[in-house]
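Residue numbers (our numbering): 89 to 274.
Step one of this worksheet: look at the structure below.
If you want it as structure tokens, here you go:
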């Protein structure tokens with residue numbers, strides 16, 4: 089459904105079907121931030137099932153973001169499950185006030201894109217150990233995802249996996265220790 093040239097105000101959308109199959113349940117999402125006016129919102133949104141494309145793709149590593157300074161979930165981090173349904177996110181990574189380079193110095197950045205960049209770096213380190221250094225020449229994204237999940241830190245007050253934190257927070261050191269322990273056993 090696409091609405092063209094909508095009039096301002098509160099809209100109520102009623103869906104009708106001639107041949108409804110299944111439960112008749114439906115899902116609706118708004119475009120990502122920046123593609124619509126900031127004051128467009130659902131009046132009664134669900135926090136669940138907010139993980140969308142491309143994170144719903146088969147084989148993807150699905151991330152959330154958390155504040156590594158106080159161990160709280162980043163407010164704008166999407167919650168699972170996905171529509172498929174599958175458990176998501178897989179894990180969370182730092183995504184609040186993360187330091188980084190800006191023209192002329194350093195700045196702090198927040199968002200799930202920051203968490204994705206940190207996790208991409210962690211994935212690259214695992215792939216370097218496996219493929220480049222020849223320790224596991226056939227390492228692939230599924231193996232990297234598994235190692236990231238196995239290395240996660242969890243908290244005692246939460247059951248893991250869950251729809252906000254997944255299997256826990258990224259801990260590359262733990263993932264590398266798993267590889268080291270496996271290497272010593274072989």
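Quick reminder that beta carbons are idealized off the backbone N, C-alpha and C, glycines included.
The straight-line gap separating the alpha-carbon atoms of residue 188 and residue 182 is approximately 13 angstroms. Using a 10 angstroms sphere on the CB of residue 160, the tally of other CB atoms stays under 16, which defines it as exposed. Boundaries for residue 153: no alpha helix (DSSP H) harbours it, while the beta strand (DSSP E) harbouring it runs 151-155, taken from the DSSP string. Per the DSSP secondary-structure output, residue 182 pairs in a beta bridge with 154.
In the pairwise beta carbon analysis, the stretch 206-222 is classified as not touching the stretch 241-250: fewer than three pairs are separated by under 8 angstroms. Ranked by Cα distance from residue 91, the options 223, 205, 263, 118 are led by 118. Around the beta carbon of residue 162, 16 or more other beta carbons lie within 10 angstroms, which makes this residue buried. Counting of Cβ neighbours within 10 angstroms places residue 185 among the exposed residues, the total staying below 16. The stretch 256-266 makes contact with the stretch 224-244: 3 or more CB pairs, one atom from each, lie closer than 8 angstroms.
Spanning the alpha carbons of residue 194 and residue 203 requires a straight line of approximately 18 angstroms. Residue 209 counts as exposed, since fewer than 16 other C-beta atoms from the protein chains shown sit within 10 angstroms of its C-beta. DSSP, read as helix, strand or coil, puts residue 190 in strand. Less than 9 angstroms divides the Cβ of residue 149 from the Cβ of residue 179. Going by beta carbons, residue 153 and residue 199 fall inside the 9 angstroms limit. The closest CA to that of residue 232, considering only 272, 271, 267, is found on 267.
Ranked by Cα distance from residue 135, the options 167, 173, 230 are led by 167. Within the DSSP bridge table, the entry for residue 197 names 186 as partners.
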